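Participant:
Residue numbers (the numbering used here): 96 to 249.
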């Protein structure tokens with residue numbers, strides 16, 4: 096009986112030591128939630144048909160620009176980052192102007208999703224991108240003045 100208690104205690108102790116020695120890996124998952132502003136399915140479908148196939152490259156470029164940094168794969172004209180940012184913003188606003196007012200936020204979300212696919216994890220952790228996307232309609236002096244793009248870092 097005593098030998099059995101000692102063996103059980105030893106086995107329990109060995110299990111605890113093994114558990115304590117195990118390495119724990121933590122994975123950070125970033126989830127981007129896009130608030131659905133289209134109240135009815137008809138409007139949602141209209142927005143999808145308006146946006147489908149469009150690239151919104153100027154909007155992607157504007158959203159991804161950080162002060163003084165450029166994408167390696169883009170040939171840039173000699174200009175300072177402020178001028179380049181203003182040019183990308185102007186072109187993005189023109190692209191958004193061609194989308195119905197009720198579909199603009201969805202168009203911006205579409206540009207963010209495209210940028211996520213293009214830049215992957217590096218972009219998905221950039222709070223600056225989401226902040227710029229949220230404020231883009233206001234920067235373009237368009238309605239709605241703000242779009243809901245929520246990001247949850249888990």
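For glycine and all other residues, C-beta sits at the position ideal for the given N, C-alpha and C.
Since the model is a prediction, treat every value here as computed from it, not as a measurement.
Measuring alpha carbon to alpha carbon, tell me which of 104, 141, 99 ends up nearest residue 195.
Facilitator: Sequence index remark: in the chain shown, residue 195 carries index 100 (1-based). Selected option, being the one with the closest Cα: 141.
Participant: Excluding five sequence neighbours on each side, which residues of the same chain lie with their C-beta closer than 6 Å to the C-beta of residue 187?
Facilitator: As a working note, residue 187 is residue 92 in the chain shown. Counting only Cβ-Cβ distances below 6 Å, and skipping sequence neighbours, we find 153, 154, 157.
Participant: Would you report the Cα separation of residue 180 and residue 110, rounded to the nearest angstrom?
Facilitator: In the chain shown, the residue the question calls residue 180 occupies position 85. In the chain shown, the residue the question calls residue 110 occupies position 15. Their backbone Cα atoms lie some 59 Å apart in a straight line.
Participant: Would DSSP call residue 149 helix, strand or coil?
Facilitator: The count along the chain shown starts at 1 and reaches residue 149 at position 54. The answer is coil: DSSP assigns residue 149 none of H, G, I, E or B.
Participant: Identify every run of the alpha helix (DSSP H) within the segment 195–235, keeping only runs that are complete inside it and at least 4 residues long; order them along the chain.
Facilitator: Here the runs fully enclosed are 199–214, 216–219, 222–234.
Participant: Below 8 Å CB to CB, which residues in the same chain sit around residue 145 once its five sequence neighbours on both sides are set aside?
Facilitator: By one-based count along the chain shown, residue 145 stands at place 50. 194, 195, 198, 202.
Participant: Between 210, 148, 98, which lies nearest to residue 225 when the distance is taken from Cα to Cα?
Facilitator: Along the chain shown, one-based indexing puts residue 225 at 130. Measuring from the Cα of residue 225, the nearest candidate turns out to be 210.
Participant: In angstroms with no decimal places, state the Cα-to-Cα distance between residue 108 and residue 96.
Facilitator: Within the chain shown, numbered from 1, the residue matching residue 108 stands at position 13. Within the chain shown, numbered from 1, the residue matching residue 96 stands at position 1. Cα to Cα, the separation comes out at about 18 Å.
Participant: Which residue's Cα is closest to the Cα of residue 207: 161, 227, 103?
Facilitator: Translated into positions along the chain shown, residue 207 becomes position 112. Here the closest residue by C-alpha is 227.
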